[in-house]
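Chains as they are written, first to last, in the numbering used here: chain A, 393 to 707; chain W, 1467 to 1794. Even glycine gets a Cβ: it sits at the ideal position worked out from N, Cα and C. Model, not experiment: these values are computed from the prediction. A short write-up of the structure that comes next.
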Amino acid sequence: MTSADATILPGRSGVFGRLSDIFWRRPALLLILMLTPPLLWLGIIYVGSLIALLLQSFFSIDDFSGLINYEFTLATYRQLLIPTNFDIIMRTVTMAIAVTLASAVIAFPIAYYAARYAQGKWKAVFYLGIMLPLWSSYLVKVYAWKLILAKEGILTWGFGKLGLGWLLDAILALPVIGGNSLSISYIGTFLVFVYVWLPYMILPTQAALERVPSNLIEASADLGARPGQTFRNVLFPLALPGIVAGSIFTFSLTLGDYIIPQIIGSSRLFIGQAVYAQQGTAGNVPLAAAFSVVPIVIMGIYLTIAKRMGAFDAL
Amino acid sequence: MTAAVEFSKVSRHFGEVKAVDGVDLKIAPGEFFAMLGPSGSGKTTCLRLIAGFEQPTSGHIEIFGETAEGVPPYRRQVNTVFQDYALFPHLNILDNVAYGLMVKGVDKKERYELAEGALDLVKLPGYGNRKPGQLSGGQRQRVALARALVNKPKVLLLDEPLGALDLKLREQMQEELKSLQRSLGITFVFVTHDQGEALSMADRVAVFNNGKIVQAGTPAEIYNQPRTRFVADFVGSSNVLAPAGAKKLGGEEKWASLRPEAIRLAESGVSATVTSKSFLGSATRLHVKAQDITLSVMVPAGTRVPEPGETIHLAWQPSDLHYMEGEA
Chain A
393 MTSADATILP GRSGVFGRLS DIFWRRPALL LILMLTPPLL WLGIIYVGSL
443 IALLLQSFFS IDDFSGLINY EFTLATYRQL LIPTNFDIIM RTVTMAIAVT
493 LASAVIAFPI AYYAARYAQG KWKAVFYLGI MLPLWSSYLV KVYAWKLILA
543 KEGILTWGFG KLGLGWLLDA ILALPVIGGN SLSISYIGTF LVFVYVWLPY
593 MILPTQAALE RVPSNLIEAS ADLGARPGQT FRNVLFPLAL PGIVAGSIFT
643 FSLTLGDYII PQIIGSSRLF IGQAVYAQQG TAGNVPLAAA FSVVPIVIMG
693 IYLTIAKRMG AFDAL
Chain W
1467 MTAAVEFSKV SRHFGEVKAV DGVDLKIAPG EFFAMLGPSG SGKTTCLRLI
1517 AGFEQPTSGH IEIFGETAEG VPPYRRQVNT VFQDYALFPH LNILDNVAYG
1567 LMVKGVDKKE RYELAEGALD LVKLPGYGNR KPGQLSGGQR QRVALARALV
1617 NKPKVLLLDE PLGALDLKLR EQMQEELKSL QRSLGITFVF VTHDQGEALS
1667 MADRVAVFNN GKIVQAGTPA EIYNQPRTRF VADFVGSSNV LAPAGAKKLG
1717 GEEKWASLRP EAIRLAESGV SATVTSKSFL GSATRLHVKA QDITLSVMVP
1767 AGTRVPEPGE TIHLAWQPSD LHYMEGEA
């Protein structure tokens, strides 16, 4: 009998041939091989350093010598609650909430268009449009915004040309969020945050909307729901996991960022800047660690609330 | 009497494609109306025109005497049972059924009572707390039906609702749908590509092809007097004879249809050779060749079934040869 007639073909020769047979018989082996390197990376380097960070936050610093006192204490956390530090936390969280809400509102129509209407070439244009800003350096973009928002910048010029200079002045005259120019106001920081993180909100929202079958939208209309009711009762709940996924990005990225508020904004600190200052110039690693724990705790609380509200039910 | 649904010269074109092409249609109130046709024949687009998901390119549609063009789906007293049910995955069964009442502002207590009632009607009492994902295909189908019926629609549209069910369940649902329609008296418009389903359930059937209605009539009319060769071919498994063949078999030189069950095995008559046979249970289907013409013949159970290769004689009543138009 020649091999051409055989029902069962002989094993392939060579290392890869034999390996294929082994992996076919023991799929677990392949799984272990594939998962070990990333798990080691995650387990040791990532989780390990996170634990090291947590431990640091329970130490304190000796005010006179500036040396770290390796004894368990909650004193560092208590320090977070003094007004200057607590203000930093509140300012950052408020900014993160505002940025997340604005991103969600702006991202939804764009994602909806891409998921429901864009086809073929236009879908490619959409992805390119969303991804293109991510290809250029983040610093370049932020400095570009500084030029746009500066007092002598293009935005002021544009408002002036349109005869809307008074509007810009009125916006800048707003208490707290206003300022001397957009580039040194909270509004400026907010605008740049929204711009920089928007793609991270659009993409998951679009993915979630794409998974909503169009006949559910039709069924809702068929049962008598006006478009607004269909949005509230069907589209939004089903897109919510995507929006929550996007908000995790925008929220946590804003909580941790220290470059944007440094370049664009008033001199008032955000958490990221506080961490940078504490562990660098001030050399207060425990306080820096405690500050770093704040975003982690806030994200934990946020995800718990989102889960309670059923944001992940439609997954 | 005003028709439940009336189409006058309705067309729906998608670019070059004429999905629906000049359809005239009248569905009486309380009628069980089936739209039958192969896929792409325009039957589903017609249904979507009634539901309001599509707008006609030209022509006029009336639902109970009121103009339907430009009226959005949510303002029509018409409900649809979708092909794949389209239940809301994030809502439980009771909320799914109560959805139509909820968006119309019926208060919670009343809408849940009505929804429970609708679930009873489709024989799914007590299933309200489950999620659609936990139900079988047949149960989901019933929920979709309850969700539509709870709104007391003037017209209920069913888009291949039994397509995804297995044979046994499908037959059971056919019976239930029919008796439900009788007891509720609602106009049902049913889209299917299954001719057996259309013939057994509907009061009237419209056969679609290429965006047009080829023939509309009672199931018996459609089955016994197909107007064209296409209808004879599509409805049932008739022997469609070309004019030359009809003449050879002793008829006029016209397109003709001859039902397999109308052909008898006889002592004398047209002689033919059996080429193959298949056992169907209640009968055996023979494929025979009579002077180059392939015919299918039904031999009822209890009679001797000739073997392939055997020469047999066939006979039928001249009136069983039904003449029709040759358009495909």
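Against chain A, a Cβ distance below 9 angstroms from W:Arg1613 picks out Ala611 and Leu615. In the DSSP assignment, A:Lys543 is bridged to no other residue. Contact check between the segment 1563-1573 of chain W and the segment 1614-1631 of chain W: three or more CB pairs, one atom from each, fall below 8 angstroms, which counts as touching. The beta carbons of A:Gly634 and A:Pro605 sit no closer together than 7 angstroms.
Interface annotation, A:Gln621: in contact with chain W, CB-CB separation under 7 angstroms. Contacts with chain A at 7 angstroms (Cβ-Cβ) include W:Thr1546.
Look at the beta carbons and you see the segment 652-664 of chain A not touching the segment 605-617 of chain A: under three pairs across the two are nearer than 8 angstroms. In the three-state reduction of the DSSP assignment, W:Arg1751 falls in the strand class, which pools E and B. Apart from sequence neighbours up to five positions away, no residue of its chain approaches A:Leu524 with a beta-carbon distance below 6 angstroms.
With three or more CB-CB distances shorter than 8 angstroms, the segment 1623-1634 of chain W counts as touching the segment 1548-1559 of chain W. Between W:Gly1496 and W:Gly1651 a beta carbon distance of about 5 angstroms is seen, short of the 8 angstroms cut, so the two are scored as contacting.
At a cut-off of 7 angstroms between beta-carbon atoms, W:Val1569 makes contact with chain A. A residue is called buried when at least 16 other Cβ atoms come within 10 angstroms of its Cβ; A:Ile437 does not meet this threshold and is exposed. Contact between W:Leu1515 and W:Pro1522 holds, since their C-beta atoms are separated by about 6 angstroms, short of 8 angstroms. Shown here, W:Val1471 sits in a strand according to DSSP, grouped into three states. Around the beta-carbon of A:Asp649, 16 or more other beta-carbon atoms lie within 10 Å, marking it buried. When secondary structure is reduced to three states using DSSP, A:Met426 falls in the helix class.
The beta-carbon of W:Ala1470 is placed no less than 7 angstroms from the nearest beta-carbon of chain A. A check of alpha carbon separations from A:Ile579 across A:Tyr587, A:Phe585, A:Val588 and A:Ile569 identifies A:Ile569 as the nearest.
Note on geometry: alpha-carbon atoms of W:Ala1732 and W:Phe1499 lie some 40 angstroms from one another. The continuous alpha helix (DSSP H) containing W:Phe1696 extends over residues Arg1695 to Phe1700.
Taking A:Ile443 as reference, the option from A:Lys538, A:Ser684, A:Ile697 and A:Thr696 with the minimal CA-CA separation is A:Ser684.
Between W:Ala1686 and W:Leu1707 the beta-carbon gap is near 21 angstroms, outside 8 angstroms, which marks them as no contact.
Using a Cβ-Cβ distance cut-off of 8 angstroms, the segment 1563-1582 of chain W and the segment 1629-1648 of chain W are not in contact, since fewer than three pairs of beta carbons, one from each stretch, lie closer than that value.
For W:Ser1524, the enclosing beta strand (DSSP E) covers residues Ser1524 to Ile1529. By the 16-neighbour rule on beta-carbons within 10 angstroms, W:Leu1715 is buried. The C-beta distance from W:Ala1470 to W:Phe1530 rounds to 6 angstroms, short enough to meet the 8 angstroms contact threshold. Excluding sequence positions up to five before and after A:Ala503, its CB lies within less than 6 angstroms of the CB of Ile594, Thr597, Gln598 and Leu601, all in the same chain and listed in chain order.
Every beta strand (DSSP E) of 3 residues or more that sits fully in the segment 1755-1781 of chain W is shown, in chain order, as 1759-1766 and 1777-1781. A distance below 6 angstroms between beta-carbons, with the five flanking residues on each side excluded, links W:Asp1487 to the following residues of its chain, in chain order: Ser1477, Gly1677 and Lys1678.
Taken through DSSP and simplified to helix, strand or coil, A:Ile480 comes out as helix. Within the model, the alpha-carbon separation for A:Ala617 versus W:Ala1728 is close to 53 angstroms. Around A:Leu608, the beta-carbon contacts reaching into chain W at under 7 angstroms are Ala1552 and Phe1554. In chain W, no part has a C-beta under 8 angstroms from the C-beta of A:Pro596; the shortest such distance is about 17 angstroms.
The beta carbon of A:Ile414 sits closer than 8 angstroms to those of Leu421, all from its chain and outside the five residues before and after it, given in chain order. Closest in alpha carbon position to W:Val1609, among W:Ala1630, W:Leu1587, W:Lys1620 and W:Phe1654, is W:Leu1587.
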